[in-house]
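Undergrad: Each residue of the sequence shown is one higher than the one before, counting from 5 in our numbering.
The C-beta atom is built at its ideal place from N, Cα and C for all residues, glycine as well.
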Amino acid sequence: ARGLQALPASMITACLACSHASYKKIEAGFNGFFAGPGYTGFPRVYFRDGYWTAQVVMRSNPRAVRDHLLALSRGVRRDGRCPSGVFAPSWKGADDPDTLAWLPDHLDSPAFYVMLAHDYVHTTGDAAVLGETIQGWTLWERVVACLDRLTSSAPDGLMQKDHRANDWADNVIRSTHVIYDQALYYHALVCGAALARERNEATLAETWTAQARLAQDAANKFLWSESRGYYIDYAREGFTEDHLTADSLLTLFYGLADETQAQKILRAAQRMLQSRHND
5 ARGLQALPAS MITACLACSH ASYKKIEAGF NGFFAGPGYT GFPRVYFRDG YWTAQVVMRS
65 NPRAVRDHLL ALSRGVRRDG RCPSGVFAPS WKGADDPDTL AWLPDHLDSP AFYVMLAHDY
125 VHTTGDAAVL GETIQGWTLW ERVVACLDRL TSSAPDGLMQ KDHRANDWAD NVIRSTHVIY
185 DQALYYHALV CGAALARERN EATLAETWTA QARLAQDAAN KFLWSESRGY YIDYAREGFT
245 EDHLTADSLL TLFYGLADET QAQKILRAAQ RMLQSRHND
């Protein structure tokens, strides 16, 4: 943080301290990031919270990220479904995905798993982690299963979410086409294709790249509002929630929006989401 002004420097320092403190050594073969330093009541790691925490410490503590990825792997089912979090096996008295699941079948978790695997391998060069065997199958096989799960939920490229609270907004029931989940789906395909290319699995890489383009086209056809200048929150048959949400800004972060769309979204966010412009 050297050279930065005091406020952003202190924010970075606090973020690093919080992220490092969220890493817990739980038991042999199961260590990773809790949802925060004070989350000590139940020994479990999370797909979403851990993904964002890992972004902060990927270079300063890559071993912790590797541990977290391996711990999450215990919660991935053979059909690619993933829970919100994964309990430590010793605490549950068993070591299978169904027993270890905290809030089963969260639609964004498979995407976060694939993305974290990509980010870790891309940052560290440790592709060997993809060959690690847990519960009788490898981490790479889990990546493939997760993307199979997601693509099966996205006919014609548009993700379909059940009408229940099964993504990060786990107190909000929204469906059927949610831009947040669509953005994650798109980026997970991009990440999966990159990993497949590194493994010389050309067919998988081409398939996932084509599906990513399909997902991007579907988002722009069904969830982009040209009149509003941003992606709507979600839509289902007979109902559209057309407000602007902070989680829709993942479309910028992951490049689902093109440059023209991005500028429109940023202007809308400044106008509608920044409190200084919104009494």
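Alpha carbon to alpha carbon, how far is A173 from D262?
TA: Cα-Cα distance, rounded: 26 angstroms.
Undergrad: Could you check what DSSP says for K225 in three-state terms: helix, strand or coil?
TA: If DSSP states are grouped into helix, strand and coil, K225 belongs with the helices.
Undergrad: Quick one, which of L270, V148 and G97 has its alpha-carbon nearest L208's?
TA: Cα-wise, what sits closest to L208 is V148.
Undergrad: Assign V176 to one of three DSSP states: helix, strand, or coil.
TA: If DSSP states are grouped into helix, strand and coil, V176 belongs with coil.
Undergrad: Report the CB separation of S179 from Y238 in whole angstroms; it is logged as a contact under 8 angstroms.
TA: The pair is a contact, with the Cβ atoms about 7 angstroms apart (cut-off 8 angstroms).
Undergrad: Within a Cβ cutoff of 8 angstroms, which residues of the same chain sit near V61, ignoring the five residues on either side of it in sequence?
TA: Only L20, S23, H24, Y27, A68 and V69 meet the Cβ criterion.
Undergrad: Could you tell me which residues DSSP pairs with H105 in its beta bridges?
TA: For the record, residue 105 in the displayed sequence is Ala; it is not His. Paired residues: V90.
Undergrad: If you draw a straight line from the alpha carbon of A131 to that of E241, how long is it in whole angstroms?
TA: Cα to Cα, A131 sits roughly 43 angstroms from E241.
Undergrad: With I16 as the anchor, note down where its alpha helix (DSSP H) starts and where it stops.
TA: Its alpha helix (DSSP H) spans residues A10 to A25.
Undergrad: Whose C-alpha, out of R275, T142 and G196, is nearest the C-alpha of L120?
TA: Taking only the C-alpha atoms, the option nearest L120 is G196.
Undergrad: Answer yes or no: do I183 and L227 have a C-beta to C-beta separation smaller than 8 angstroms?
TA: Cβ distance < 8 angstroms, so I183 and L227 count as in contact.
Undergrad: For the alpha helix (DSSP H) that contains Y55, what are its first and last residues?
TA: Where Y55 is concerned, the enclosing alpha helix (DSSP H) stretches over F51 to V61.
Undergrad: Is DSSP giving Y184 helix, strand or coil here?
TA: Y184 falls in the helix class under three-state DSSP.
Undergrad: For G79, which residues of its own chain have a beta-carbon under 7 angstroms away from its beta-carbon, when the five flanking residues on both sides are left out?
TA: Same-chain partners within the cutoff: C86, P87, V90, P101, L104 and A105.
Undergrad: Could you check if A32 is buried or exposed, using at least 16 other CB atoms within 10 Å of its CB as the buried criterion?
TA: Label assigned to A32: exposed.
Undergrad: Pick out whichever of H191, R275 and S113 has its Cα sitting closest to the Cα of G54.
TA: Measuring from the Cα of G54, the nearest candidate turns out to be S113.
Undergrad: For F37, which of helix, strand or coil comes out of DSSP?
TA: Residue state, collapsed to three classes: strand.
Undergrad: Please work out which residues of its chain come closer than 6 angstroms, Cβ to Cβ, to A200, disregarding the five sequence neighbours upstream and downstream, and give them in chain order.
TA: Within the same chain, A200 has close Cβ partners L208 and A209.
Undergrad: Please report how far the alpha carbon of C150 lies from the alpha carbon of A272, in whole angstroms.
TA: C150 and A272: Cα-Cα distance of roughly 33 angstroms.
Undergrad: List the DSSP bridge partners of Y244.
TA: For clarity, residue 244 is Thr in the given sequence; the question names Tyr instead. Paired residues: A239.
Undergrad: Please report the straight-line C-alpha distance between A192 and F51, rounded to a whole angstrom.
TA: Going from the Cα of A192 to the Cα of F51 covers about 13 angstroms.
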